[in-house]
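Per our numbering, the very first residue in the sequence shown carries number 4; after that it's consecutive.
Working notes for the structure below.
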Amino acid sequence: MSAHATPIPMSARKSGALKGTASIPGDKSISHRALIFGAMAVGETRISGLLEGQDVLDTAKAMQSLGAAISREGTGEWRVNGVGVGGFSEPEDVIDCGNSGTGVRLIMGAVATHDFATTFTGDASLRKRPMGRVTDPLALFGARSVGRSQGRLPLTLIGAAEPVPVTYTTPVPSAQVKSAVLLAGLTAPGKTVVIEKEATRDHTERMLKGFGADITTEKTAEGYKITLTGQPELKPQDVAVPRDPSSAAFPVCAALIVEGSEIFVPGVSQNGTRNGLYTTLVEMGADIAYENEREEGGEPVADLRVKYSKLKGIDVPPERAASMIDEYPILSVVASFAEGKTVMKGVKELRVKESDRIDAMARGLEKCGVTIEEDHDTLIVHGLGPNGVKGGATCETHIDHRIAMSFLVLGMAAQNGCQVDDGSPIATSFPDFEKLMTGLGAEVSRDN
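This is the structure in structure tokens:
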């Protein structure tokens, strides 16, 4: 099943050395938040570098349906005229978030403390994902949800008429859950507190502070305690979206495993809550140089120079999972070309992403000749070394953009290439993936 009406089969053949500059699109997580906070500010927010993938465009449409005015200028800059905290109006139609778990969960938080009902849906993949992890804490504010079993979409969220602030300890490390609670807390009076035992990506806290909210984070015996004072007046901002480290992972990892490669990747976010993959790659022996380190849009960034490397398998610490949860699929590909085994523990969150990513990668890698071990919370890849992966298989993507791109990267270095049954989901996060990779010298193509 495709994110589009018709699946788009794609192939990657064993490539020659990748060379050149990889200009990565804007960060998806920050793009979602820039649109939402801009819609909740009073006045005009200008956003440059916004990721124009389908996930983010769906969030823009949702903000329009809630009353914000959003437009794209010819220069590529986006303008958001917000309605202020508590100023959303009841949407006239269902909000369709497509494939985006981030979009739907953050928007649920934003409307949960407004006195009206909002109905959400998404594509076949998103309708399988659990929403109870968000609707449960939102119920503490006074919101009610009505939907399918296990809180799956389609779902109607009835916002709290008289919201109350909450203190909530997240049961699993999830920036989406944390952010949904903080977004709900914006419209509630008093102080809303979120406690997380492991730090997750902190874009929401950084951006809220930039928009003028009173928000603090402190390390306590319980964990990381984030305190937000509700009902602020958010001030419009000029937001420069840095380039997405999760998208950058694909050309970076391709360069590491395609012999003779050397690429330059400018302006990639180096947020410490997002860079677990890059730390892991360096530990495996990756030749990655960080140049021109600086700050853009409130986020640390750097230019990366990446060269082909002979890699070794390692044990990835489970406490690193929160900082690289989206990158385990491409890491499992890199691990296939390393010497020795790579052990990834603490990864059960992968079971409830756009697909069961542990199962999807395990089955596909096995088809390509790689030995895999797995349990509910662990994935172990037995590396075959440089040029050791046979490939030649057609792998299922399960309507998951990261699975599709991961297997296409594998095909660039495998003896017999690799095919995917459907590359259409790639458009949700990295619409220029094919063009960018072929520009570096990769042999990637659509099969229809």
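Glycine included, C-beta positions come from ideal geometry on N, C-alpha and C.
For clarity, every value in this text was computed on a predicted model and none was experimentally measured.
| request: Please work out which residues of its chain come closer than 7 Å, Cβ to Cβ, to P10, disregarding the five sequence neighbours upstream and downstream, and give them in chain order. | output: D424, D425, S427
| message | Could you check whether T105 and H206 sit closer than 8 Å to each other, using their CB atoms as the reference points? | response | no
| When we look at the beta-carbon of K200 and count the other beta-carbons within 10 Å, is it buried (16 or more) or exposed? | exposed
| What residue from R366, K356, Q418, K393 has the CA that sits closest to S128's CA? | K356
| query | A363 to I110, Cα distance in whole Å? | reply | 28 Å
| task | Using beta-carbon positions only, say whether K238 and F253 come within less than 8 Å of one another. | result | no
| Length of the line joining the Cα atoms of A417 and G391 | 7 Å
| Where does H404 fall in DSSP's three states? | helix
| query | According to the neighbour-count rule (16 or more other Cβ atoms, all chains shown, within 10 Å of its Cβ), is K31 buried or exposed? | reply | buried
| request: Express the C-alpha separation of D329 and Y2 in angstroms, rounding to a whole number. | output: It is not possible to answer for residue 2, since the shown part of the chain is limited to 4 through 451.
| task | Compare the beta carbon distance of V384 and C256 with 8 Å and say whether it is the shorter of the two. | result | no
| said: Could you check whether V83 and I50 sit closer than 8 Å to each other, using their CB atoms as the reference points? | reply: yes
| message | Mapping the DSSP letters down to three states, classify T374 as helix, strand or coil. | response | strand
| What first and last residue would you give for the alpha helix (DSSP H) that runs through P248? | 248–260
| said: Rounded to whole angstroms, what is the Cα-Cα separation between I218 and T230? | reply: 6 Å
| query | Along the chain, where does the beta strand (DSSP E) that runs through S68 open and close? | reply | First-last for S68: 57–68, but that is the alpha helix (DSSP H), not the beta strand (DSSP E).
| task | Kindly list the residues whose CB is nearer than 6 Å to the CB of G395, restricted to its own chain and excluding five residues on each side of it in sequence; keep chain order. | result | N419
| task | Could you tell me the distance, in whole angstroms, from the CA atom of A324 to the CA atom of G23? | result | 31 Å
| said: Rounded to the nearest angstrom, what separates D126 and S358 at their Cα positions? | reply: 12 Å
| Are S177 and L160 close, meaning C-beta to C-beta below 8 Å? | no
| field | Pick from C100, R155, E165 that is closest to F463, judged by C-alpha positions | value | Past the edges of the chain, shown from 4 to 451, lies residue 463, and the structure says nothing about it.
| Segment limits, alpha helix (DSSP H) that includes R204 | Here R204 belongs to no alpha helix (DSSP H), and DSSP marks it neither H nor E.
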